[in-house]
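**Student:** Under my numbering, the residue at position 175 of the sequence shown is numbered 161, and the numbers go up by one with no gaps.
All residues carry an ideal CB built from backbone N, CA and C; glycine is no exception.
Note that the structure is predicted; figures quoted are calculated from it, not measured.
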Amino acid sequence: MIKRRVRARSLATACIALLSVVVALLVGGNTASATPGASAATQQAFITMYGWYDNTPPSASISYPTLHNSAGGTGTFADPITYASDKAETAPGTKIYVPRVQKYFIMEDDCEECDADWKGHGPDGGPNMWHFDLWLGGKGGNAISAIECEDALTNYNPDNTPKLESVLVNPPSSEKVSSGPLFNTSTGACIGGARPIITVGQFKNKSTGTCLNVPGGTAKSGTVLGMAACDNSAGQQLVFDGTFFSTGKVANQSGTFCAASSGGNITFKSCNGGPAQQWSANTNNTISDIQTGKKCFRASGTKVTAASCSGTTAQWSFPTTVYTGPGA
-13 MIKRRVRARS LATACIALLS VVVALLVGGN TASATPGASA ATQQAFITMY
37 GWYDNTPPSA SISYPTLHNS AGGTGTFADP ITYASDKAET APGTKIYVPR
87 VQKYFIMEDD CEECDADWKG HGPDGGPNMW HFDLWLGGKG GNAISAIECE
137 DALTNYNPDN TPKLESVLVN PPSSEKVSSG PLFNTSTGAC IGGARPIITV
187 GQFKNKSTGT CLNVPGGTAK SGTVLGMAAC DNSAGQQLVF DGTFFSTGKV
237 ANQSGTFCAA SSGGNITFKS CNGGPAQQWS ANTNNTISDI QTGKKCFRAS
287 GTKVTAASCS GTTAQWSFPT TVYTGPGA
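1) Measure the Cβ-Cβ separation of Gly208 and Gly221 and say whether it is below 8 angstroms.
2) Using the Cβ count rule (16 or more neighbours within 10 Å means buried), how would you classify Lys81?
3) Please list, in chain order, all residues of the same chain as Asn16 whose beta carbon is under 6 angstroms from its beta carbon, the five residues on each side excluded.
4) Compare the Cα-Cα distances from Ala138 to each of Trp104, Lys105, Gly174, Trp116 and report the closest residue.
5) Could you give the uninterrupted runs of the beta strand (DSSP E) lying entirely in the segment 131 to 182, keeping only those of 3 residues or more?
6) Mapping DSSP to helix, strand and coil, what is Glu99?
7) List the whole-angstrom C-beta distance separating Gly37 from Glu136, where the pair is believed to meet the contact cut-off of C-beta under 8 angstroms.
8) For Thr338, which of helix, strand or coil comes out of DSSP?
9) Measure the CB-CB distance between Asp40 and Ile177 and report whether it falls below 8 angstroms.
10) According to the neighbour-count rule (16 or more other Cβ atoms, all chains shown, within 10 Å of its Cβ), is Lys281 buried or exposed?
11) Rounded to whole angstroms, what is the Cα-Cα separation between Ile354 and Ile252?
12) Write down the C-beta distance between Phe226 and Cys244 rounded to the nearest angstrom, noting that I regard them as a contact closer than 8 angstroms.
13) In the structure shown, what three-state DSSP assignment does Trp265 receive?
14) Assuming contact is defined by CB atoms lying nearer than 8 angstroms, are Glu94 and Pro51 in contact in what I supplied?
15) Quick test of your reading: Ser232 and Cys257, contact by CB under 8 angstroms. State the CB separation rounded to the nearest angstrom.
16) Could you pull the DSSP bridge partners for Trp302 from this structure?
17) Answer with buried or exposed for Thr306, where buried requires no fewer than 16 other C-beta atoms within 10 angstroms of its C-beta.
18) If we call anything under 8 angstroms between Cβ atoms a contact, is Met35 one with Leu122?
19) So, do the segment 155 to 162 and the segment 190 to 201 have three or more beta carbon pairs nearer to each other than 8 angstroms?
20) Please classify Lys255: does DSSP put it in a helix, a strand, or coil?
21) The ligand FMN and Ala246: does the residue's C-beta get closer than 7 angstroms to at least one heavy atom of that ligand?
22) Taking C-beta to C-beta, are Pro85 and Ser152 nearer than 8 angstroms?
23) Under a three-way DSSP split, which group does Lys280 fall into?
24) Give the straight-line distance between the Cα atoms of Gln29 and Ser164, rounded to the nearest whole angstrom.
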């Protein structure tokens, strides 16, 4: 199963979204569906995660500072953790409680995919699909481990549709709170021992019928990812952990190189978890960069570029084999 990624929005984009909401309210648009201090209610919602390294831009900046000036919190009722959503879904300052992780969260940020899922037919569903993007943190820890923890805590159904779960909106203060963080920056451990789904195999282009290919079968720093006839060779066994593409080993193993956007090419570089190495495999069969969502893997003869996301040359068939090697 291929897992998609979501991300919080940049502050500049959030300001544009805020202006749009104000205009909508002035002409009679939707008001917030959940507000601070309202009665508790259980909602079925899609839960995703974001953190320092894949926030847009990478930071702890938030769009709606309420309890915190930047994303944070410990998860108690008095100090809930930041979450992002559409402000027409839950108003800034609205608390929620997520039973799966036994922690409280507070609305303080905007989420591009959450906006789309609530207002229309977004990447996960909608309209009026409840979607909460929870802050995981990660600063000071290993970037790849932190993002893999985010992937591990984002659940999908077997058909790759979002798995909805019960969330308490405007909860009482008496819910059980788990000890420890969602992600331990010192040890790299994810809450509950969660681990990401990692797949390995061929990525076949829907237009050309050819596959992503690493020349020579083994990547090194500077190797440019290309296209070749599908032959199931070693150079076509790409490993994807939900965000990072690598060859031969899981992305967080030493000596592995990750696919990065580089001047329009997809070039392998030492895995560092940086924005250029973060990718989302999407339900529309595209592979887009996480920071902008506008640059996709696109087949062009024997090359693959980071370019337009339109058309079948930007669409792929994904492998379904689950990786069971070291670190999986």
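**Tutor:** Taking the coordinates as given:
1) For the purposes of this step, residue 208 is taken as residue 222 along the sequence shown, with counting starting at 1. For the purposes of this step, residue 221 is taken as residue 235 along the sequence shown, with counting starting at 1. Not a contact, by the Cβ cut-off of 8 angstroms.
2) Counting from one through the sequence shown, the residue named residue 81 turns up at place 95. A residue is called buried once 16 or more other Cβ atoms fall within 10 Å of its Cβ, and Lys81 is buried on that count.
3) One-based indexing of the sequence shown puts residue 16 at position 30. Low confidence applies here, because Asn16 scores a pLDDT of 38, under 50, leaving its location unreliable; read the following figure in that light. Within the same chain, Cβ atoms closer than 6 angstroms to the Cβ of Asn16 are found at Ala74, the five residues on either side in sequence being excluded.
4) Reading the sequence shown from its first residue, position 152 is the one you call residue 138. Ranking Trp104, Lys105, Gly174, Trp116 by Cα distance to Ala138 puts Gly174 first.
5) As far as the segment 131 to 182 is concerned, its whole beta strand (DSSP E) runs of at least 3 residues are 150 to 155.
6) In the sequence shown, residue 99 corresponds to position 113, counting from 1. Looking at Glu99 - three-state DSSP - the assignment turns out to be helix.
7) What you label residue 37 is simply residue 51 of the sequence shown in a count that begins at 1. What you label residue 136 is simply residue 150 of the sequence shown in a count that begins at 1. The C-beta distance from Gly37 to Glu136 rounds to 6 angstroms, short enough to meet the 8 angstroms contact threshold.
8) The requested residue 338 does not occur in the structure, where the chain is confined to residues -13 to 314.
9) Numbered from its first residue, the sequence shown carries residue 40 at position 54. Numbered from its first residue, the sequence shown carries residue 177 at position 191. Result no, Cβ atoms of Asp40 and Ile177 do not sit closer than 8 angstroms.
10) The residue given as residue 281 occupies position 295 in the sequence shown. So Lys281 ends up on the buried side.
11) The question about residue 354 has no answer here: the residues shown for the chain are numbered -13 through 314.
12) Counting from one through the sequence shown, the residue named residue 226 turns up at place 240. Counting from one through the sequence shown, the residue named residue 244 turns up at place 258. Their Cβ separation, rounded to whole angstroms, is 10 angstroms, which puts Phe226 and Cys244 out of contact at 8 angstroms.
13) Here residue 265 refers to the residue found at position 279 of the sequence shown. Trp265 falls in the strand class under three-state DSSP.
14) Indexing the sequence shown from 1 puts residue 94 at position 108. Indexing the sequence shown from 1 puts residue 51 at position 65. In contact: Glu94 and Pro51 (Cβ atoms closer than 8 angstroms).
15) Within the sequence shown, numbered from 1, the residue matching residue 232 stands at position 246. Within the sequence shown, numbered from 1, the residue matching residue 257 stands at position 271. Correct: roughly 6 angstroms between the Cβ atoms.
16) Counting from 1 along the sequence shown, the entry for residue 302 is found at position 316. Secondary-structure assignment with DSSP links Trp302 through a beta bridge to Asn191.
17) For the purposes of this step, residue 306 is taken as the residue at position 320 of the sequence shown. By the neighbour-count rule (16 or more Cβ atoms within 10 Å), Thr306 is not buried but exposed.
18) The residue given as residue 35 occupies position 49 in the sequence shown. The residue given as residue 122 occupies position 136 in the sequence shown. Against a cut-off of 8 angstroms, the Cβ pair of Leu122 and Met35 comes out as a contact.
19) Segments in contact, no.
20) Sequence index remark: in the sequence shown, residue 255 carries index 269 (1-based). When secondary structure is reduced to three states using DSSP, Lys255 falls in the strand class.
21) Judged by which ligands are present, the structure shown has none, so any question about the ligand FMN falls away.
22) Translated into the one-based positions of the sequence shown, residue 85 becomes position 99. Translated into the one-based positions of the sequence shown, residue 152 becomes position 166. Their beta carbons are under 8 angstroms apart, which means Pro85 touches Ser152 by this criterion.
23) Position 294 of the sequence shown, counted from the start, is the residue given in the question as residue 280. Coil.
24) The residue labelled residue 29 in the question sits at position 43 within the sequence shown. The residue labelled residue 164 in the question sits at position 178 within the sequence shown. Near 21 angstroms, if we compare the C-alpha coordinates of Ser164 and Gln29.
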